[in-house]
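A.B. asks:
Protein chains in written order, with the working numbering: chain A, 155 to 329; chain B, 155 to 329; chain C, 155 to 329; chain D, 155 to 329; chain E, 155 to 329; chain F, 155 to 329.
(1) In or out: residue 163 (chain A) buried (at least 16 other Cβ within 10 Å) or exposed?
(2) Express the C-alpha separation of residue 221 (chain E) and residue 221 (chain F) in angstroms, rounding to a whole number.
(3) Could you please tell me which residues of the stretch 273 to 302 of chain E, in chain order, have their CB closer than 7 angstroms to any CB of chain C?
(4) Determine the chain A residues that contact residue 236 (chain C) at a beta-carbon separation under 8 angstroms, and present them in chain order.
(5) Provide the residue span of the alpha helix (DSSP H) that contains residue 259 (chain E), from first to last.
(6) Quick one: list the residues of chain E neighbouring residue 207 (chain C), beta-carbon separation under 8 angstroms, in chain order.
(7) Which residues in chain D sit within 8 angstroms of residue 322 (chain F), going by Cβ to Cβ distance?
(8) For residue 329 (chain F), which three-state DSSP category applies?
(9) I'd like to know if residue 172 (chain D) contacts chain F, where contact means its C-beta is closer than 8 angstroms to some C-beta of that chain.
(10) Going by DSSP in three states, residue 242 (chain E) sits in which element: helix, strand or coil?
(11) DSSP on residue 159 (chain F), reduced to helix/strand/coil?
(12) In terms of DSSP beta bridges, what is residue 208 (chain F) paired with?
(13) In whole angstroms, what separates the C-alpha of residue 242 (chain D) from that of residue 192 (chain D)?
(14) If I'm right that residue 301 (chain E) touches residue 214 (chain E) with Cβ under 8 angstroms, what's the distance once you round it to whole angstroms?
(15) Who are the neighbours of residue 243 (chain A) on chain F, taking C-beta pairs under 8 angstroms?
(16) Can you give the beta carbon distance from residue 246 (chain A) to residue 252 (chain A), rounded, assuming they're within the 8 angstroms contact cut?
(17) Rounded to whole angstroms, what is the Cα-Cα separation between residue 305 (chain C) and residue 179 (chain C)?
(18) Residues of chain D with CB under 7 angstroms from residue 403 (chain B), in chain order?
(19) What three-state label does DSSP hand residue 307 (chain E) in the structure shown?
(20) I'd like to know whether the C-beta of residue 163 (chain A) is nearer than 8 angstroms to at least one C-beta of chain C.
(21) Spatial neighbours of residue 238 (chain B) within its chain, please: CB distance less than 7 angstroms, with the 5 preceding and 5 following residues excluded, ordered by chain position.
(22) What I want to know is whether the C-beta of residue 182 (chain D) ends up closer than 7 angstroms to one or more non-hydrogen atoms of the ligand ADP.
(23) Quick check: what's the CA-CA separation for residue 314 (chain C) versus residue 307 (chain C)?
(24) Any idea what DSSP makes of residue 184 (chain F), helix, strand or coil?
(25) Verify whether the separation of the beta carbon atoms of residue 244 (chain B) and residue 204 (chain A) is less than 8 angstroms.
(26) Thinking residue 198 (chain E) and residue 226 (chain E) are a contact (beta carbons under 8 angstroms), I'd like their distance in whole angstroms, please.
(27) According to the neighbour-count rule (16 or more other Cβ atoms, all chains shown, within 10 Å of its Cβ), is residue 190 (chain F) buried or exposed?
(28) Secondary structure at residue 237 (chain D), three-state DSSP: helix, strand or coil?
(29) Apply the 10 Å Cβ neighbour rule to residue 194 (chain F) and answer buried if 16 or more other Cβ atoms are within range, or exposed otherwise.
(30) To the nearest angstrom, how far is the alpha carbon of residue 287 (chain B) from that of residue 320 (chain B)?
(31) Along the chain, where does the beta strand (DSSP E) that runs through residue 297 (chain C) open and close?
(32) Candidates F:269, F:273, F:265: which alpha carbon is nearest residue 254 (chain F)'s?
(33) State the start and end residues of the unbroken beta strand (DSSP E) segment that holds residue 252 (chain E).
(34) Tell me whether the beta-carbon of residue 184 (chain A) lies closer than 8 angstroms to the beta-carbon of residue 157 (chain A).
(35) With distance defined between alpha-carbon atoms, name the residue in C:234, C:268, C:161 nearest to residue 224 (chain C).
(36) In the DSSP assignment, what residue or residues form a beta bridge with residue 272 (chain C)?
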């Protein structure tokens, strides 16, 4: 049995994540989905809590019929780069390869001799958390950038409203 | 849909955990299993890593046919008791009640007005991680204290050997 | 007896703080003044230490004849937003409401079901720590933006000089 | 104007603290009361939160008519002894001397060239937090070991019950 | 015997550091070289690990024939400015003076009554870590800004390549 | 060129350390001496600061004529065992093997595939920091358990007095 590890912040989960996960599931028996910056929430960069991100990812994995094959694990930041892969290894079940489009993630796992596979970003100019969050701030449509189940969940928990309040905060707060 | 939260250290998973989980699954649609002291491992109190504990719990939930209903989340300690329930709320999906036999867990969640349900320990003198770890140290049989699938997994990863080396360490290291 | 909680960074204490505190004292028997980012000092954003901020606030509360009704508590940052209100609850005596003009503070306390009251900023374009610090950097007059007692205290401890040295540092230090 | 600094954990405030504080107030214009291990609570060693300890100390200082002269500051532990006095200096207003009966506190402040005054413990075999907590555990009378106002406050917040639950927890939890 | 303390981040070691170290060695029997932000690495601001920085500094001190007189100590950040000099004092052997061109370092050590000596930066527009890292990013020549031994070492460990990958990362990663 | 890594707490440096270091120097070109629990000091378990331990080890390495071959690096604890070897790798220059008599150190480095060499303790019943500290507490002779240069240095900085005050503290402080 083989497992591929995939780490993202999922703020929110978008179609780019979906493509990556589909590929990893094709090439492996199971996928470990690490939720990065798990300790952060209610910030513009990380509006969702780790708990909400677990919920959102479970919804989409269930819709793909792949919940049984998914191991979803929140990974708090450690702010000490060389040590971060060891924390990941500690927190998740055994895996064979790391899939990532993130240059730093690739570099750090390489240091520990772990097999890395570079993922090409699909439509990176659109499928990106920061792009979606900016669209929400500007009041633009972002529905087609995320799976429909994700869109419905985010609506239910007031994702747009939260981001708007966080932006209001950022613009008001003194530096 | 209702969810019950259950938090343990699972060092290792034993029959007492099994009874609690069965009850929670009877009374709820889904169970959130929080893995406490997730950051600790390779210590006598916490020999297994969080990753190994996730693996072990998945094995037993699968054997119960309840993997789809189980949300397994590692929870690192925060060493600031009043703040700990907020970290749990942050890291796990929404839940309605906390089930626990741990007096401190009950006290702390009560402070935040969360519904708590006291779980009676079954055969506490036997079904307890520390009892199992002591039996291993003394070379006594512990097989009947854990589900068989757990026993096989722990054998595979060298659990007994690890505990014995940790004890050797503790006896040698200068205080 | 009722208490209102008010949290600021007080870098430095200015007339906007004064208006807020007066209102809270009118509507409550006592005020809890939480000093945010208490662990930070000697930075451009937070030049004063928590100890200096306590001193400064005591001076102004004394001048208002309200020292007995004031509970001043430094609150170190926790860098985990969802958990921050729990730390505040831990560090300060019981209170009934949070007064704040800070959108994030309001959002976070709402999550815990605590009563929040939105404070309107008075003359926000002037009464703001960052505005005062910028005026000092540019050598502009800032005396009328803070209570006179505060101005005298800040002069005594060399506030202007400290800010200028911190700016010199920031401009020189390599990024 | 002179200030003396006094640091304790106040679990709970007892007559020994009262004697020390009286002496410091006689020898100084103001007293700074540092609440040590401020981040800890709901443990057998530190059952009360920092907020509750502030409340309790305010009650007794008010009864002494010395609230105006008291600066009460919670001090979280730093777990790096050499650095701890610097954290204290950061968090409290300027002071001239440290009063303490604690050998480590005296040693550490000496390293920074700060004037220390050794306080003799009065009736140390009785006036001690751990003695009081043990009496509560055994169901013995402890009323005469603390100021009456403190006793009434602790009764109101359920101090005895909390300690008994914490002991129950400690005896049950697996090591 | 006298010792001068010098603290830098050494990302990388450049000729400006060399001038400072020569002067300190002329005025003292030994030099303590503190490596700041020791916990950071694989970031654009701090590409090298503490271990690599120790190696690089040893190479240059050896080439100067001054290895015996050099005490090289990594100093992790503490993110609490007032407390930072105490951490330095804790981690390094006794010293008499701090040499620095860094305004904040001078300010903080002054608070603790430690003798500080301001170092003038030599050719600051060139001899600066950030300038060198920017030249690498732009593909410009930087060889003459660092001692030759340092250049050879950095080439051997792939310094340019690392910086380019880190920049690639920074430009791609979502904010 | 080969390097061996040796990690100890050196509270204080004793003849057991000396034997180990001599062997490592025989088998390698250079030795890296990691000072564990570097953040701790003024405790019974770790009375000396990291700075004092660096000084002490330099004295003995100089007396062995091996200062040039010694790389002495303080290593703060991380309280997350699986991650600790990565921190060591981050903080020290490249090495080929870890020498240790500490079972946990061996286990943890094995997890990362690093070559470990088990060192036999020489006269472990005597050559042990805790034994020496206990002798000092009881007023027994300990001079012959440490190199003479170490003994002289510890006398100069008041090691015995410090330990006695720390013991006084521990016996007085309330638990």
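Note that beta-carbon positions come from the ideal geometry of N, C-alpha and C, so glycine has one too.
C.D. replies: The short version:
(1) Taking the first residue of the first chain as 1, we reach residue 163 (chain A) at position 9. Classification for residue 163 (chain A): buried.
(2) Position 67 of the sixth chain, counting from 1, holds the residue named residue 221 (chain F). Position 67 of the fifth chain, counting from 1, holds the residue named residue 221 (chain E). Distance from the CA atom of residue 221 (chain F) to the CA atom of residue 221 (chain E), rounded to whole angstroms, is 9 angstroms.
(3) Correct list: 282, 283, 284.
(4) Position 82 of the third chain, counted from the first residue, corresponds to residue 236 (chain C). Correct list: 195, 196, 203.
(5) If you number the fifth chain from 1, residue 259 (chain E) lands on position 105. It spans 257 to 265 - the alpha helix (DSSP H) in which residue 259 (chain E) sits, taken as one unbroken run.
(6) Position 53 of the third chain, counted from the start, is the residue given in the question as residue 207 (chain C). Residues of chain E passing the Cβ test: none, with the nearest at roughly 12 angstroms.
(7) Against the sixth chain, residue 322 (chain F) aligns to sequence position 168. Contact annotation for residue 322 (chain F) against chain D: 257 [CB-CB distance below 8 angstroms, chain order].
(8) The sequence position of residue 329 (chain F) within the sixth chain is 175, counting from 1. With a pLDDT of 49 at residue 329 (chain F), under the threshold of 50, the modelled position of that residue is not reliable, and no figure is offered here.
(9) Indexing the fourth chain from 1 puts residue 172 (chain D) at position 18. No, no contact with chain F.
(10) Counted from its first residue, the fifth chain places residue 242 (chain E) at position 88. In the structure shown, residue 242 (chain E) sits in a helix (DSSP, three-state: H, G or I).
(11) Numbered from 1 along the sixth chain, position 5 holds the residue referred to as residue 159 (chain F). In the structure shown, residue 159 (chain F) sits in a strand (DSSP, three-state: E or B).
(12) Position 54 of the sixth chain, counting from 1, holds the residue named residue 208 (chain F). DSSP, once it has assigned bridges, lists no residue as partnering residue 208 (chain F).
(13) Position 88 of the fourth chain, counted from the first residue, corresponds to residue 242 (chain D). Position 38 of the fourth chain, counted from the first residue, corresponds to residue 192 (chain D). So the alpha carbons of these two residues sit roughly 12 angstroms apart.
(14) The residue labelled residue 301 (chain E) in the question sits at position 147 within the fifth chain. The residue labelled residue 214 (chain E) in the question sits at position 60 within the fifth chain. So it is a contact: roughly 5 angstroms between Cβ atoms.
(15) Within the first chain, residue 243 (chain A) is the residue found at index 89, counting from 1. Under the 8 angstroms cutoff, chain F gives 236.
(16) In the first chain, the residue the question calls residue 246 (chain A) occupies position 92. In the first chain, the residue the question calls residue 252 (chain A) occupies position 98. That belief does not hold up - the Cβ atoms of residue 246 (chain A) and residue 252 (chain A) are roughly 10 angstroms apart, past 8 angstroms.
(17) Residue mapping note: residue 305 (chain C) aligns to position 151 of the third chain, counting from 1. Residue mapping note: residue 179 (chain C) aligns to position 25 of the third chain, counting from 1. Each residue's alpha carbon lies about 23 angstroms from the other.
(18) Limits of chain B in this structure are 155 at one end and 329 at the other, which puts residue 403 (chain B) out of reach.
(19) Indexing the fifth chain from 1 puts residue 307 (chain E) at position 153. Residue 307 (chain E) carries a helical assignment under DSSP once its states are collapsed to helix, strand and coil.
(20) Locating residue 163 (chain A) in the first chain gives position 9, counting from the first residue. Any Cβ of chain C closer than 8 angstroms to the Cβ of residue 163 (chain A) would place that residue at the interface, and such an atom is absent.
(21) One-based indexing of the second chain puts residue 238 (chain B) at position 84. Hits under 7 angstroms: 232, 262.
(22) By its list of ligands, the structure shown contains no ligand whatsoever, and the ligand ADP lies outside what it can speak to.
(23) Walking along the third chain from the start, residue 314 (chain C) turns up at place 160. Walking along the third chain from the start, residue 307 (chain C) turns up at place 153. Each residue's alpha carbon lies about 11 angstroms from the other.
(24) Position 30 of the sixth chain, counted from the start, is the residue given in the question as residue 184 (chain F). In the structure shown, residue 184 (chain F) sits in a strand (DSSP, three-state: E or B).
(25) As a first step, residue 244 (chain B) is located in the second chain; it is residue number 90 there, counting from the start. As a first step, residue 204 (chain A) is located in the first chain; it is residue number 50 there, counting from the start. It is a contact, given that the beta carbons lie within the stated cut-off.
(26) Along the fifth chain, one-based indexing puts residue 198 (chain E) at 44. Along the fifth chain, one-based indexing puts residue 226 (chain E) at 72. Between the beta-carbon of residue 198 (chain E) and that of residue 226 (chain E) there is about 24 angstroms, and that puts the pair past the 8 angstroms contact cut.
(27) Counted from its first residue, the sixth chain places residue 190 (chain F) at position 36. With a 10 Å radius around the Cβ and a threshold of 16 neighbouring Cβ atoms, residue 190 (chain F) comes out buried.
(28) Within the fourth chain, numbered from 1, the residue matching residue 237 (chain D) stands at position 83. Helix, per DSSP.
(29) For this step, residue 194 (chain F) is matched to residue 40 along the sixth chain. That one is buried.
(30) Position 133 of the second chain, counted from the first residue, corresponds to residue 287 (chain B). Position 166 of the second chain, counted from the first residue, corresponds to residue 320 (chain B). Within the model, the alpha-carbon separation for residue 287 (chain B) versus residue 320 (chain B) is close to 11 angstroms.
(31) Taking the third chain and counting its residues from 1, the one referred to as residue 297 (chain C) is at position 143. Where residue 297 (chain C) is concerned, there is no enclosing beta strand (DSSP E), given that its DSSP letter is neither H nor E.
(32) Reading the sixth chain from its first residue, position 100 is the one you call residue 254 (chain F). Checking every option, the nearest Cα to that of residue 254 (chain F) belongs to F:273.
(33) Position 98 of the fifth chain holds residue 252 (chain E). Counting along the chain, the beta strand (DSSP E) containing residue 252 (chain E) begins and ends at 251 to 254.
(34) Numbered from 1 along the first chain, position 30 holds the residue referred to as residue 184 (chain A). Numbered from 1 along the first chain, position 3 holds the residue referred to as residue 157 (chain A). The criterion of a C-beta distance shorter than 8 angstroms is satisfied by residue 184 (chain A) and residue 157 (chain A).
(35) For the purposes of this step, residue 224 (chain C) is taken as residue 70 along the third chain, with counting starting at 1. Residue C:161 is the option with its Cα nearest to residue 224 (chain C).
(36) Counted from its first residue, the third chain places residue 272 (chain C) at position 118. According to DSSP, residue pairing for residue 272 (chain C) in a beta bridge involves C:254.
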